[in-house]
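**Q**
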Amino acid sequence: MVRSRGQPHAIVLAMARVLGRYELLRPLARGGMAEVYLARRRAAGVEKWLVVKRMRPERSGDARFLDLFVREARLSMSLAHQNIVPVFDFGRIDDQVFLAMERVEGRDLGSSLARAADHRLPPLLAAFVAAECCQALDYAHQRKGPDGVALGIVHRDVTPRNVLLSWSGEVKLTDFGIAALAGDATSRLLGTPQYMAPEQARSEPIDPRADIYAIGLILREALTGVRSRPGADRDSMLEAARGGVLLPWSHVPPPPPDAELALGSGDHSEPATPAAPGALPPALVAIADRATATAAADRYPDARSMLEDLDAFIVAERASRKVESPARQLAAWLTTSWDGARDEAEIDATIHADHLVSFLDDGAPELVGTGTVRSLAAT
75 MVRSRGQPHA
85 IVLAMARVLG
95 RYELLRPLAR
105 GGMAEVYLAR
115 RRAAGVEKWL
125 VVKRMRPERS
135 GDARFLDLFV
145 REARLSMSLA
155 HQNIVPVFDF
165 GRIDDQVFLA
175 MERVEGRDLG
185 SSLARAADHR
195 LPPLLAAFVA
205 AECCQALDYA
215 HQRKGPDGVA
225 LGIVHRDVTP
235 RNVLLSWSGE
245 VKLTDFGIAA
255 LAGDATSRLL
265 GTPQYMAPEQ
275 ARSEPIDPRA
285 DIYAIGLILR
295 EALTGVRSRP
305 GADRDSMLEA
315 ARGGVLLPWS
325 HVPPPPPDAE
335 LALGSGDHSE
345 PATPAAPGAL
355 PPALVAIADR
365 ATATAAADRY
375 PDARSMLEDL
385 DAFIVAERAS
395 RKVESPARQL
405 AAWLTTSWDG
415 ARDEAEIDAT
425 IHADHLVSFL
435 DDGAPELVGT
445 GTVRSLAAT
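Counting from 75, one number per residue, gives the positions in the sequence shown under the working numbering.
(1) In the structure shown, what three-state DSSP assignment does M270 receive?
(2) Please work out which residues of its chain come closer than 7 Å, Cβ to Cβ, to V359, disregarding the five sequence neighbours upstream and downstream, and give them in chain order.
(3) I'd like the list of long-range same chain contacts for R130, defined as Cβ closer than 7 Å, with 5 residues on each side in sequence excluded.
(4) According to DSSP, what are the bridge partners of D182?
(5) Residues in the same chain with beta-carbon distance under 7 Å from A210, minus the five sequence neighbours each way, listed in chain order, please.
(6) Tell me which residues share the same chain as A200 and place their Cβ nearer than 8 Å to its Cβ, disregarding the 5 neighbours each side in the sequence.
(7) By how many angstroms is the C-alpha of L408 removed from the C-alpha of A393?
(8) Check whether the stretch 308-316 touches the stretch 377-392, counting contact only when three or more Cβ pairs, one atom from each stretch, lie closer than 8 Å.
(9) Excluding the five sequence neighbours on either side, which residues of its own chain have a C-beta within less than 7 Å of the C-beta of A253, listed in chain order?
(10) For a test of the three-state rule: what should DSSP assign to Y213, helix, strand or coil?
(11) Are the beta-carbon atoms belonging to A315 and R303 less than 8 Å from one another?
(12) So, T233 versus Y287, is the Cβ gap smaller than 8 Å?
(13) In whole angstroms, give me the CA-to-CA distance for A367 and I280.
(14) Please classify T266 as buried or exposed, where buried requires at least 16 other C-beta atoms within 10 Å of its C-beta.
(15) Closer than 7 Å by C-beta to R138: which residues in its own chain qualify, once you throw out the five before and the five after it? Chain order, please.
(16) What residue from A405, A377, Q170 has the CA that sits closest to A284's CA?
(17) Go ahead and pull the three-state DSSP assignment for I292.
(18) Any idea what DSSP makes of V144, helix, strand or coil?
(19) Do you know how far the Cα of R235 is from the Cα of E179?
(20) Within this structure, are the beta carbons of F172 and L93 separated by less than 8 Å?
(21) Could you compute how far the alpha carbon of E391 sits from the alpha carbon of L198?
(22) So who's on the other strand from R115, going by DSSP bridges?
(23) What residues match up with G317 in a beta bridge as DSSP calls it?
(24) What did DSSP end up calling A174 once you bin it into helix, strand or coil?
(25) Can you give me the start and stop residues for the beta strand (DSSP E) that I361 sits inside?
(26) Among V245, L153, A214, which has the Cα closest to the Cα of R402?
(27) Let's see if you can read the secondary structure: which residues bound the beta strand (DSSP E) around I167?
(28) Nearest by alpha-carbon distance to I167: which of D141, R145, R128 is it?
(29) In the DSSP assignment, what residue or residues form a beta bridge with V245?
(30) Give a yes or no on whether the minimum CB-CB distance between P101 and chain C is below 8 Å.
(31) Given a threshold of 16 other Cβ atoms within 10 Å of its Cβ, counted over all protein chains shown, does S399 qualify as buried or as exposed?
(32) Rounded to whole angstroms, how far is the Cβ of M175 from the Cβ of V125, which I believe are closer than 8 Å?
(33) Give me the Cα-Cα distance between L320 and G222, rounded to the nearest whole angstrom.
(34) Is any non-hydrogen atom of the ligand SAH found closer than 7 Å to the C-beta of G251, if you look at the structure I gave you?
Okay, structure coming up:
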């Protein structure tokens, strides 16, 4: 049977459930706080495919979870940028609270790097992905409220799984579920230890430079094929994060197979072979090193400054090699990396719920602003 790419199977359509104006076609992910569905909306003869994130009914009476969910919806709906996954609807029907967001046809960076194995992301494309993320963060960091006062947004959970790559070469940042705002006062530890800035891991006040640190780690990972933060479990990774400990460029061994499982961040594939340090462009190594400086004062002061250095590298690289646009190259790399898996329906609902978890300082997994990354990327 031949059907267009990305359209749900007829059996799935027959099982669709209705939530207000949306048909929930199939589950994509499920965690302790929310469930994520591939959905469809029909209006005036027009059909739109999207992703609906619904708070689990049994959680709707929990004031803390409800507040986090509503906060995520309001913040996400206030952001309109080409490099940020848009959330365009939020509502409540009886005891069902939900938000609707764009369906990104593609995959997330984390699973794509794991899938690519030795077909690693070239330096030019690693710089391009980092630059696109910087554009998203520069916009979010500078976003102002209706009163003209800066909101003071800090994402706090910038990870490869929260960077979506479309088949056409777009790069979009998602999941502002645990983003901090100016004036927030909390000592709770939120985020993903593998990508935390030292001050964030120490539960100290943070600013946009914590997000810049995470982008630096993503750039390192894209260049080398492995994560830079050492540690075999949650506690050891947190300890390394607090001290700003990173594996040196000269020796970046792959993490143990269960490292991500211990922290609830997803893919369990065999890690790629590390890149030889000498093969990496010194300019990109310098950018990553500055972004991941242990002291926030030694990092880029803002995302715009890091973006300028990345853009300078991209322009010089394209001029010297006379290659096509990075977006087209990224689209080709993504398609090649996933090979025949691009058109898979992926109805398997065994997406690990632990990926939807952000860890708190008490060591127990609690769902605070459940991530939507895998669900968005796997449709």
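Even glycine gets a Cβ: it sits at the ideal position worked out from N, Cα and C. Since the structure is predicted, the reported quantities are computational estimates derived from the model, not experimental observations.
**A** This is what the structure gives:
(1) As a working note, residue 270 is residue 196 in the sequence shown. Looking at M270 - three-state DSSP - the assignment turns out to be coil, as it is neither helix nor strand.
(2) One-based indexing of the sequence shown puts residue 359 at position 285. Spatial neighbours of V359 in its own chain (CB-CB distance under 7 Å, excluding positions within 5 residues in sequence) are listed in chain order as W323.
(3) Taking the sequence shown and counting its residues from 1, the one referred to as residue 130 is at position 56. These residues qualify, in order along the chain: M107, A108, E109.
(4) Against the sequence shown, residue 182 aligns to sequence position 108. Looking at the DSSP output, D182 sits in a beta bridge with L238.
(5) Numbered from its first residue, the sequence shown carries residue 210 at position 136. Within the same chain, Cβ atoms closer than 7 Å to the Cβ of A210 are found at H155, N157, I158, L247, the five residues on either side in sequence being excluded.
(6) For this step, residue 200 is matched to residue 126 along the sequence shown. Closer than 8 Å at the Cβ level, and outside the excluded window around A200, lie L293, A296, L297, L358.
(7) Residue numbering aside, residue 393 sits at position 319 when the sequence shown is read from its first letter. Residue numbering aside, residue 408 sits at position 334 when the sequence shown is read from its first letter. So the alpha carbons of these two residues sit roughly 23 Å apart.
(8) Cβ pair count under 8 Å is below three, so no.
(9) Residue mapping note: residue 253 aligns to position 179 of the sequence shown, counting from 1. Cβ neighbours of A253 beyond the five flanking positions: L149, I227, V228, H229, R230.
(10) As a first step, residue 213 must be located in the sequence shown, where it is residue number 139. Assigned with DSSP and collapsed to three states, Y213 falls in helix.
(11) Residue 315 sits at position 241 when you count from the first residue of the sequence shown. Residue 303 sits at position 229 when you count from the first residue of the sequence shown. Yes, these two residues count as a Cβ contact at 8 Å.
(12) Counting from 1 along the sequence shown, the entry for residue 233 is found at position 159. Counting from 1 along the sequence shown, the entry for residue 287 is found at position 213. Taking the C-beta atoms as reference points, Y287 is found no nearer than 8 Å to T233.
(13) Taking the sequence shown and counting its residues from 1, one reaches residue 367 at position 293. Taking the sequence shown and counting its residues from 1, one reaches residue 280 at position 206. Those two C-alpha atoms are separated by around 14 Å.
(14) As a position in the sequence shown, residue 266 is number 192, starting the count at 1. Its Cβ being crowded by 16 or more others within 10 Å, T266 is buried.
(15) Locating residue 138 in the sequence shown gives position 64, counting from the first residue. Same-chain partners within the cutoff: there are none.
(16) As a working mapping, residue 284 is identified with position 210 in the sequence shown. Comparing alpha carbon positions, the residue from A405, A377, Q170 closest to A284 is A377.
(17) For this step, residue 292 is matched to residue 218 along the sequence shown. For I292, the three-state secondary structure derived from DSSP is helix.
(18) Working through the sequence shown from its first residue, we reach residue 144 at position 70. In the structure shown, V144 falls within a helical segment according to DSSP collapsed to helix, strand and coil.
(19) Translated into positions along the sequence shown, residue 179 becomes position 105. Translated into positions along the sequence shown, residue 235 becomes position 161. Going from the Cα of E179 to the Cα of R235 covers about 15 Å.
(20) To locate residue 172, count along the sequence shown from 1; it is residue 98. To locate residue 93, count along the sequence shown from 1; it is residue 19. Yes, the Cβ-Cβ distance between F172 and L93 is below 8 Å.
(21) In the sequence shown, counting from the first residue as 1, residue 391 sits at position 317. In the sequence shown, counting from the first residue as 1, residue 198 sits at position 124. Using only the alpha carbons, I get a separation of about 7 Å.
(22) To locate residue 115, count along the sequence shown from 1; it is residue 41. R115 pairs with Y96, K122.
(23) Position 243 of the sequence shown, counting from 1, holds the residue named residue 317. G317 pairs with nothing; no bridge assigned.
(24) The sequence position of residue 174 within the sequence shown is 100, counting from 1. A174 falls in the strand class under three-state DSSP.
(25) If you number the sequence shown from 1, residue 361 lands on position 287. For I361, there is no enclosing beta strand (DSSP E); the enclosing alpha helix (DSSP H) has its first and last residue at 356-365.
(26) Taking the sequence shown and counting its residues from 1, one reaches residue 402 at position 328. Among V245, L153, A214, the Cα nearest to that of R402 is on V245.
(27) Locating residue 167 in the sequence shown gives position 93, where the first residue counts as 1. Per DSSP, I167 belongs to the beta strand (DSSP E) from 161-167.
(28) For the purposes of this step, residue 167 is taken as residue 93 along the sequence shown, with counting starting at 1. The alpha carbon of I167 has as its nearest neighbour, out of D141, R145, R128, the alpha carbon of R128.
(29) Sequence index remark: in the sequence shown, residue 245 carries index 171 (1-based). Bridge partners of V245: L239.
(30) Absent from the structure is chain C; it holds one protein chain and no more.
(31) Here residue 399 refers to the residue found at position 325 of the sequence shown. S399 comes out exposed.
(32) Here residue 175 refers to the residue found at position 101 of the sequence shown. Here residue 125 refers to the residue found at position 51 of the sequence shown. M175 to V125, Cβ: 5 Å. Contact.
(33) Within the sequence shown, residue 320 is the residue found at index 246, counting from 1. Within the sequence shown, residue 222 is the residue found at index 148, counting from 1. One C-alpha to the other measures close to 39 Å.
(34) By its list of ligands, the structure shown contains no ligand whatsoever, and the ligand SAH lies outside what it can speak to.
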